[in-house]
Amino acid sequence: MDTPVNPIAVLLHLEQRAQQMRTLPELGFVIVNETWQLLPYRQAALFMAEHGDRARLAQLSSLATLGEDSPYTVWLKRVGAHCWKTLRAAEPAAPSLRKLDPAGLPGGLADDWAEWMPPHVFLLSLVDPAGQRRGFLLIGADEAPTESQQALLTRAAATYAYCIGALARQRPALGGRLRQALGTPWRKLALLAAVAGILVLPVRLSVLAPAEVVALHAMAVSSPLDGVVKEFQVQPNQAVKQGQILFTLDDTTLRNRRDVAQQALAVARADALRATQKAFDNPQSKGELAALNGQVREKAAELAWLDEMLARVAVRAPRDGIVVFGDPNDWIGKPVATGERIALLADQDDAGVLVWLPAADAINLEPGAGMRVFLHVAPLQPLDAALTETSYQATLSPDNVAAYRIKGRITADSGQAARIGLKGTAKVYGRRVPLAYYLFRRPLAALREWSGL
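Numbered by the numbering used here, the letters in the sequence shown go through residues 36 to 488 in order.
Listed below in structure tokens is the structure:
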């Protein structure tokens, strides 16, 4: 034979369970699912007070999560809003259990009552000892509660309300904290004045853009003649001395032409020598001698020109510096024309920064504007630079983005850490503007672009 359950023990167990919960969702789950031990019911819905003027549907019995868009949930929220309005108008505020009559509901809610609710529906108000309403529990049962069950539920409601208040005070909602902090209208006006004062504070307008360390006055090293690149004697970004060979062109064609020209010169000299010897015996050979001497000079000039071209095959550094070019394998075997740039000769002490400022982020910049460069290899050691040059018109950047070319000179203190070829991100500073303009510049520009104003 089963031992009858003591209702007081059940109540004490429920109160203990409620006090053990650490969050409002956990407490709500216990309220809607374990209060059944005091009064067997078909369904229960917990509404918690929110911001004082309304209550939200927090938990439903037998459900882990709420279906926010289900027809039942939408209807139940409307019923809860009506019940909360009625409770707030009732005096005094105390835990109570009362039957909910569908006749007192608006027409749209009363029509669906029989579809969603069991025969007996009760509203258990949750009021803490301080008299503050924390919400209510909507209970739908097949039988009406007895007087003892009503007393137990009322006692449990006070405990539930106290626990809800304790957990709510641990971490109040942001809106509630703001209302408590503001309080009087004077505080609100003071806050508005403080916000307005902050928004007019002057700040430096700035923009971020990709950057690269370059030589400001680099010397172009171009091909001295038409030919094919044979090999490089240096590596990219290598320091070189004046007169050091950088690369050579293929000299096969020139050497063959020189051999032919040398043989032609020898033949012309032999012909001129024979004509000179004949001129002593034959006066008519004197006329041919002048023409043959002319051919000798022509062949000699051609040979000298070819020797000069062969001397140009080895391209040398015109000064000390760092030679900058791409992958040597991309150049070897490639035909080049006279004057085509193959490399740059840069001075390490003449390092600057090249910034591609996207046209969409462009701001007004003045010569000497501050720049700070964060290199990928040393992001925690930014370089300082001063703007020296800006392009008049936007062009396509290496990333195929319309951008303005901006150059700046790296300061002497930062120059030692700058190595030509390093890349990173530059922060370019403009004039001082109010903080409000700094924050809303991009949104306002997007709004104007979208609206056409």
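All C-beta atoms, glycine included, are put in the ideal place defined by N, C-alpha and C.
Straight-line Cα distance separating residue j from residue i
| i | j | result |
| --- | --- | --- |
| serine 105 | glutamate 178 | 27 Å |
| alanine 325 | alanine 307 | 9 Å |
| arginine 483 | alanine 231 | 24 Å |
| valine 65 | alanine 394 | 59 Å |
| leucine 49 | threonine 194 | 9 Å |
| tryptophan 151 | alanine 229 | 52 Å |
| methionine 36 | leucine 173 | Low per-residue confidence applies at methionine 36: pLDDT is 41, beneath 50, and the placement is therefore not dependable, though the value from the model is reported in the following sentence. C-alpha separation (whole angstroms): 35 Å. |
| aspartate 382 | glutamine 273 | 11 Å |
| threonine 100 | valine 67 | 13 Å |
| valine 295 | aspartate 286 | 14 Å |
| proline 370 | isoleucine 377 | 11 Å |
| alanine 53 | tyrosine 76 | 19 Å |
| serine 257 | isoleucine 455 | 20 Å |
| asparagine 364 | arginine 293 | 29 Å |
| alanine 138 | tyrosine 473 | 58 Å |
| leucine 98 | lysine 223 | 42 Å |
| leucine 47 | threonine 70 | 12 Å |
| leucine 227 | alanine 149 | 51 Å |
| valine 156 | methionine 56 | 27 Å |
| proline 220 | glycine 166 | 26 Å |
| alanine 191 | serine 486 | 58 Å |
| aspartate 362 | valine 412 | 21 Å |
| aspartate 88 | arginine 204 | 17 Å |
| arginine 123 | proline 42 | 31 Å |
Of the residues the options, the one placed nearest residue i, counting alpha carbons only
| i | options | result |
| --- | --- | --- |
| leucine 144 | Leu81, Ala274, Leu236 and Thr108 | Thr108 |
| arginine 290 | Glu343, Thr425 and Ala274 | Glu343 |
| leucine 418 | Ala201, Pro363, Ile441 and Gly387 | Gly387 |
| alanine 404 | Leu327, Gly465, Thr121 and Trp148 | Gly465 |
| threonine 32 | Ser486, Leu415 and Pro402 | Given a span of 36 to 488 for the chain in the structure shown, any question on residue 32 remains unanswerable. |
| glutamine 184 | Leu159, Leu392 and Trp221 | Leu159 |
| lysine 120 | Phe171, Val275 and Tyr427 | Phe171 |
| leucine 140 | Gln167, Gln51, Leu389 and Leu111 | Leu111 |
| alanine 421 | Phe409, Ile445 and Leu415 | Ile445 |
| alanine 196 | Arg222, Arg169, Thr181 and Glu182 | Arg169 |
| glycine 354 | Leu281, Arg89, Pro433 and Glu337 | The sequence given here places arginine at residue 354; glycine does not occur at that position. Arginine 354 has its Cα closest to that of Leu281, out of Leu281, Arg89, Pro433 and Glu337. |
| arginine 477 | Ala397, Lys276, Val412 and Phe409 | Ala397 |
| glycine 368 | Phe267, Arg123, Arg239 and Ala192 | Phe267 |
| valine 436 | Phe82, Arg113, Ala244 and Gly278 | Ala244 |
| alanine 301 | Glu337, Leu389 and Val269 | Glu337 |
| threonine 288 | Gln298, Gln279 and Val263 | Val263 |
| proline 414 | Ala246, Arg123 and Glu61 | Ala246 |
Short Cβ contact (7 Å threshold) for residue i with residue j
| i | j | result |
| --- | --- | --- |
| glycine 443 | threonine 423 | yes |
| alanine 73 | leucine 187 | Per the sequence shown, residue 73 should be read as leucine rather than alanine. For leucine 73 and leucine 187, yes; Cβs fall inside 7 Å. |
| aspartate 261 | threonine 373 | yes |
| leucine 380 | valine 350 | no |
| alanine 453 | valine 248 | yes |
| alanine 116 | leucine 95 | no |
| leucine 132 | threonine 189 | yes |
| glycine 407 | lysine 462 | The residue asked about is misnamed: residue 407 is arginine in this sequence, not glycine. Closer than 7 Å, so yes. |
| valine 162 | alanine 129 | yes |
| alanine 438 | tryptophan 366 | no |
| glutamine 78 | glycine 200 | no |
| glycine 63 | alanine 93 | yes |
| phenylalanine 360 | proline 271 | yes |
| leucine 284 | lysine 265 | yes |
Beta-bridge partners of residue i, as assigned by DSSP
| i | result |
| --- | --- |
| methionine 83 | Arg91 and Gly170 |
| proline 393 | Ala438 |
| threonine 283 | Glu266 and Ala349 |
| glutamate 424 | Lys442 |
| methionine 406 | Ala420 and Val463 |
| serine 131 | Ser160 |
| histidine 155 | Ala176 |
| isoleucine 357 | Ala274 and Ala381 |
Neighbour flag for residue i against chain C, beta carbons, 7 Å
| i | result |
| --- | --- |
| alanine 228 | Structure shown: chain C not included; a single protein chain is present. |
The ligand ADP heavy atom lying under 6 Å from the CB of residue i
| i | result |
| --- | --- |
| glutamine 330 | Ligands are entirely absent from the displayed structure, and the ligand ADP is therefore not among its contents. |
*Are the segment 237-255 and the segment 330-344 in contact at 8 Å, needing three or more beta carbon pairs?*
As far as the Cβ criterion goes, the segment 237-255 does not touch the segment 330-344, which means the pair count is below three.
*Is the segment 223-240 touching the segment 457-473 in the sense that three or more CB pairs, one from each, lie closer than 8 Å?*
yes
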